[in-house]
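Working notes for the structure below.
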Amino acid sequence: MSSPHAVVSEEAGEVRRFWTGLGLPGLIDVHTHFMPERVLRKVWDYFDTNGPLIGGLEWPITYRKEEDERIALLREFGVRAFTSMLYPHKPGMAEWLNSWAADFARRAPDCLHTATLYPEPGVESYVRRALEAGARVFKAHVQVGAYDPADERLQQAWGLLAEAGVPVVMHCGSGPAPGRHTGTEPVVRVLARHPELRLIVAHMGMPEYEGFLDLAERYDQVRLDTTMVFTDFSEGFMPFPRRALPRIADLGDRVLLGTDFPNIPYPYVHQLQALERLGLGPAWLRAVCHDNAAELFSL
Ligand SMILES: [Zn+2]
């Protein structure tokens, strides 16, 4: 009988075979969730109750583990760098999350120091402070935060991020369920004012994949993360249109591996296999699973 540890090692072996087979030094995952324990527990509770923001879907969390175990697992997988995507759902929360994330990045130096923001008074100054403290990536959750990303109160913050060249991973698509301000239209307004903003569209904009591809083709600094896209789970309810595959092949230098670890209803390796089975070839996979992020974050 195999112990739980042996099962994990077997899984890590599968993940490692994927990237060693491509000749990579490891993976870079731009979309993983680490947040204060009680916030994460609330997120997990939400997934457990199949709430409306997850489209009422059955969503068993595969990696419901203690924080140190989750970090150890990513390292065992050979993830060289990851993020601590965290986000407020109300005012007055972002700064506290940012101080937690700064501390987390000190504790886990392979985590890219992450920060977040919300349309509220003072946002410009705490974004500036986070940048000065060394934040390397931001997360904006338009769906959960239920705000317009083109909100006037965020304009200076977007300007600061664009100027600093610090990317923002934005959940702006209407998956798994639409929010009040999800979809391409608000993002079009953000980019019209901040064309240099290094926007990473989370989940490739699921389900508005083609609309967000239009934006990536129009703006050089728009990128897409693969989080949950192409997996059996997502293909079951928001499939990526096959006709758009040549477009992501052409945008191969602007697609970045993201997974949503630990909040995923399947094993980590499935995301990698889901990318591999697209048949876009080893050069595309190398760029997406490592090289594009290595260049973006100078790793
Ligand atoms: Zn996520």
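The sequence shown begins at 1 in the UniProt record's numbering and counts up by one. Where a beta carbon is used, it is the ideal one built from N, C-alpha and C, also for glycine. What you are looking at is a predicted structure, and each value in this text was computed from that prediction instead of being measured.
query, result
"Give me the residue from His171, Ala192, Arg189 with the minimum Cα distance to Thr182.", "His171"
"Give the DSSP-derived three-state secondary structure of Gly237 in the structure shown.", "With the sequence shown as reference, residue 237 is identified as Phe, and Gly is not the correct amino acid for it. If DSSP states are grouped into helix, strand and coil, Phe237 belongs with coil."
"Check whether the region 72-79 touches the region 40-49, taking contact to mean three or more Cβ pairs, one atom from each stretch, closer than 8 Å.", "no"
"If you measure from the CB of His89, is any heavy atom of ligand 1 nearer than 8 Å?", "no"
"Would you mind reading off the limits of the beta strand (DSSP E) that contains Phe82?", "79-83"
"Assuming contact is defined by CB atoms lying nearer than 9 Å, are Ala202 and Gly179 in contact in what I supplied?", "no"
"Give the DSSP bridge partners of Arg223, in chain order.", "Ile200"
"Using the beta-carbon of each residue, find all residues closer than 7 Å to any heavy atom of ligand 1 and list them in chain order.", "His31, His33, Met85, His171, Ala202, Thr227, Asp260, Asn263"
"Please work out which residues of its chain come closer than 8 Å, Cβ to Cβ, to Gly211, disregarding the five sequence neighbours upstream and downstream, and give them in chain order.", "Gly183, Thr184, Gly205"
"CA-CA distance, Ala244 and Gln143?", "24 Å"
"Here's a check: name, in chain order, each residue in its chain whose Cβ is nearer than 6 Å to the Cβ of Ala293, leaving out the five neighbours to either side.", "Ile28, Val30, Leu256"
"Answer with buried or exposed for Asp225, where buried requires no fewer than 16 other C-beta atoms within 10 angstroms of its C-beta.", "buried"
"Measure the CB-CB distance between Leu199 and Val166 and report whether it falls below 9 Å.", "no"
"Pop quiz: Val288 and Gly236 are said to be a contact at Cβ under 8 Å. What is the actual Cβ separation, rounded to whole angstroms?", "Actually they are not in contact, since the Cβ atoms of Val288 and Gly236 sit about 22 Å apart, beyond 8 Å."
"With the cut-off set at 9 Å, would you say Lys42 and Thr83 are in Cβ contact?", "no"
"So, for Ala105: in the same chain, excluding its five sequence neighbours on each side, which residues have a beta-carbon less than 6 Å away from its beta-carbon?", "Cys111, His113"
"Tell me the DSSP bridge mates of Phe297?", "Bridge partners of Phe297: none, in fact."
"Compare the C-alpha of Ala283 against each of Tyr63, Leu22, Ser9 and name the closest.", "Leu22"
"Exposed or buried, which one is Asp260 when buried takes at least 16 other CB atoms within 10 Å?", "buried"
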